[in-house]
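Asks: What follows is a single structure, and I will ask about it in a moment.
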Amino acid sequence: MSIPFHARCNSVPSMQHPQAAYVHEQLTRLRSSEAASSSSSSSIYQRLSNLQDLHDSLDKMLRLSLTNKALTQVQVEKLLDGSLRILDLCNVAKDALPHMKEGLKEIQSILRRKRGDLSAEVKKYLATRKFLKKSFQKVLKNLKVSENKESSDKSLVVFGEAEAVTVGVFESMFSFMSGSKACGKWSLVSKLMNQNKAACKAEVNEFTRVDLEFQSEKSLKIEDVQNLDSCIQDLEDGIESLSKPLIKYRVSLLNIL
Numbered sequence: 262m263s264i265p266f267h268a269r270c271n272s273v274p275s276m277q278h279p280q281a282a283y284v285h286e287q288l289t290r291l292r293s294s295e296a297a298s299s300s301s302s303s304s305i306y307q308r309l310s311n312l313q314d315l316h317d318s319l320d321k322m323l324r325l326s327l328t329n330k331a332l333t334q335v336q337v338e339k340l341l342d343g344s345l346r347i348l349d350l351c352n353v354a355k356d357a358l359p360h361m362k363e364g365l366k367e368i369q370s371i372l373r374r375k376r377g378d379l380s381a382e383v384k385k386y387l388a389t390r391k392f393l394k395k396s397f398q399k400v401l402k403n404l405k406v407s408e409n410k411e412s413s414d415k416s417l418v419v420f421g422e423a424e425a426v427t428v429g430v431f432e433s434m435f436s437f438m439s440g441s442k443a444c445g446k447w448s449l450v451s452k453l454m455n456q457n458k459a460a461c462k463a464e465v466n467e468f469t470r471v472d473l474e475f476q477s478e479k480s481l482k483i484e485d486v487q488n489l490d491s492c493i494q495d496l497e498d499g500i501e502s503l504s505k506p507l508i509k510y511r512v513s514l515l516n517i518l
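The working numbering applies: residue 262 is where the sequence shown begins, and numbers increase by one.
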């Protein structure tokens, strides 16, 4: 991915400009929320919402004549590359979430009606989860590689920091959807100690909790399935809403180019 820029930008509006100052405030808010909040569906949804505001502000900043005239073609192309990578991350999430949601709806229907082949649907869902988790891990690995790349361009501090913060939110989201590795499989000792198992399950997120219940099928709770379905819906809504300002931002870059 790109690009943690550390130098102050000389070619675009300084932090004294109201729009640039507002972007800086939003970046600070996002960094603080990432440091303070736990990895929960509500915290990730809130950060996705904050990203919408950030990219709306970046788009307005791009429309300023001062910014528009100052950016070189090379700089605009660099920002276009970053915006395309982020849209690609949006698309990965957009493709993955409906697959899981569809499987959960079938399972909920069987649990409510108490008719149908629950075991078969659970196996289908777990197979989908296994495939998607590999995809998420691949995305996370690529993000780690990209984070280690340095950029020689020191003139785009605000835009570069916004890209880095945005990528960080997506990294948290894909890690969240991948589930907890620590509790993914219990050791023999943990299986023999119900208290440890209960403590482990209390710490995991919605995705991992349902994965564990589906693997055993004995402790399956429709409430947990419904909670996960609601969590997926929130993430879908957040991604869909974020994609709109991301596209507007990219269109503004293309207009400059």
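The beta-carbon is built from N, C-alpha and C at its ideal position, and this holds for glycine as well.
Val-471 and Leu-489 look like a contact to me (Cβ under 8 Å); what is the Cβ gap, rounded to whole Å?
Replies: Their Cβ separation, rounded to whole angstroms, is 5 Å, which keeps Val-471 and Leu-489 in contact under 8 Å.
Asks: Please report the straight-line C-alpha distance between Glu-286 and Leu-315, rounded to a whole angstrom.
Replies: If you take the alpha carbons of Glu-286 and Leu-315, they lie about 9 Å apart.
Asks: Quick one: what does DSSP say Leu-514 is sitting in, helix, strand or coil?
Replies: Of the three classes helix, strand and coil, the one that applies to Leu-514 here is helix, per DSSP.
Asks: Just confirm the distance between the C-beta atoms of Gly-429 and Ser-310, as a whole number of angstroms; I'd bet it's less than 8 Å.
Replies: Going by Cβ atoms, the distance from Gly-429 to Ser-310 rounds to 15 Å, so no, they are not a contact pair.
Asks: Report the residue ranges of all beta strand (DSSP E) runs contained in full by the region 303-342; include only those spanning at least 3 residues, in chain order.
Replies: Segments of the beta strand (DSSP E) lying fully in the region 303-342: there are none.
Asks: Could you check where the alpha helix (DSSP H) with Leu-473 kicks off and where it finishes?
Replies: Unbroken alpha helix (DSSP H) run through Leu-473: 467-477.
Asks: Which class does Asp-378 belong to by DSSP, given the choice of helix, strand or coil?
Replies: Coil.
Asks: Quick check: what's the CA-CA separation for Val-425 versus Ala-354?
Replies: It is Ala, not Val, that sits at residue 425 in the sequence shown. Approximately 18 Å, taken between the alpha carbons.
Asks: Which value, in whole angstroms, describes the spacing of the CA atoms of Ala-463 and Leu-473?
Replies: At Ala-463, the pLDDT of 48 sits below 50, so the modelled position is not reliable and the matter cannot be decided from this model.
Asks: Quick check on Thr-333: buried or exposed, where buried means 16 or more other Cβ atoms within 10 Å of its Cβ?
Replies: Classification for Thr-333: exposed.
Asks: Just tell me which of Val-383, Ala-331, Gln-313, Met-361 has its CA closest to the CA of Ile-371.
Replies: Cα-wise, what sits closest to Ile-371 is Val-383.
Asks: CA-CA distance, Ser-303 and Asp-485?
Replies: When rounded, the distance between both Cα atoms is 16 Å.
Asks: How many angstroms separate the CA atom of Gln-280 from the CA atom of Lys-321?
Replies: So the alpha carbons of these two residues sit roughly 8 Å apart.
Asks: Closer than 6 Å by C-beta to Val-337: which residues in its own chain qualify, once you throw out the five before and the five after it? Chain order, please.
Replies: Hits under 6 Å: Leu-514, Ile-517, Leu-518.
Asks: What number of angstroms, rounded off, separates the C-alpha of Ala-282 from the C-alpha of Phe-420?
Replies: Cα to Cα, the separation comes out at about 13 Å.
Asks: Are Arg-215 and Ser-344 closer than 8 Å when you measure CB to CB?
Replies: For residue 215 there is no data in the structure shown, the boundaries of the chain being 262 and 518.
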